[in-house]
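Comments concern the structure below.
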Ligand SMILES: [Zn+2]
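Residue numbers (the numbering used here): 5 to 160.
As structure tokens, then:
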């Protein structure tokens, strides 16, 4: 039986314009915060892959991925991932949205854990974050993980 086909109680009807719009927005690729962040990373001299799976067996595509450094960046929407600053809970169908957001948060935590176990660093950026600040944080992490190791025994 397909879970997706099951109609659960509390699912907003198509008449809920707010629900429809939220769902439309989440399907979008290349959101404005992603595009800005990628442009800044490129300007910093970093090269990366977009919308790519870090691990072949894990269906969790990273928004920006640095394979050599093993850094996976996820840009999380404030609503869908339950940002502590912008958690605006819709009054209508509150249980439905709460469940969706909690599911996303559990999946995020699971993704972080699986990638960490495979030697990856996960960096999560809220969509509300200053993109320049986020780009700086990412660039520092990528460089720290790709710089050649210093020869042993030498003073630093
Ligand atoms: Zn936020």
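We put the CB at the ideal spot given by N, CA and C, even for glycine.
Just so we're clear, the structure is a prediction, and the values are computed from it rather than from any experiment.
Helix, strand or coil at residue i according to DSSP, with G and I counted as helix
| i | result |
| --- | --- |
| residue 103 | helix |
| residue 47 | helix |
| residue 112 | helix |
| residue 42 | helix |
| residue 125 | strand |
| residue 53 | strand |
| residue 66 | strand |
| residue 120 | helix |
| residue 136 | helix |
Where residue i falls, given that 16 or more other Cβ within 10 Å makes a residue buried
| i | result |
| --- | --- |
| residue 138 | buried |
| residue 5 | Only weak support is given to the placement of residue 5: the predicted model assigns it a pLDDT of 38, under 50, and the question is left unresolved by the model. |
| residue 70 | buried |
| residue 37 | buried |
| residue 42 | buried |
| residue 39 | exposed |
| residue 66 | buried |
| residue 135 | buried |
| residue 107 | exposed |
Cβ neighbours of residue i in the same chain (closer than 8 Å, five flanking residues each side left out)
| i | result |
| --- | --- |
| residue 102 | 93 |
| residue 19 | Because residue 19 carries a pLDDT of 48, less than 50, the predicted location of this residue cannot be relied on, and the following value inherits that uncertainty. Around residue 19: no qualifying Cβ. |
| residue 111 | 64 |
| residue 109 | 85 and 86 |
Check: residue i C-beta below 7 Å from any heavy atom of ligand 1
| i | result |
| --- | --- |
| residue 50 | no |
| residue 89 | yes |
| residue 130 | yes |
Residues near residue i by beta carbon distance below 7 Å, same chain, minus five either side
| i | result |
| --- | --- |
| residue 150 | 72 and 73 |
| residue 62 | 118 |
| residue 53 | 69 and 71 |
| residue 146 | 50, 70, 73 and 75 |
Residues near residue i in its chain [Cβ-Cβ closer than 6 Å; skip 5 each side]
| i | result |
| --- | --- |
| residue 120 | none |
| residue 87 | 130 |
| residue 11 | Any reading at residue 11 is ruled out, since the residue's pLDDT is 41, under 50, leaving its predicted position unreliable. |
Margin query: Within 8 Å, do at least three Cβ pairs link the stretch 125 to 134 to the stretch 80 to 88?
Written below: yes
Next item on the list: Please confirm if the stretch 41 to 57 is in contact with the stretch 96 to 116, defined as three or more CB-CB distances below 8 Å between the two stretches.
Entry: no
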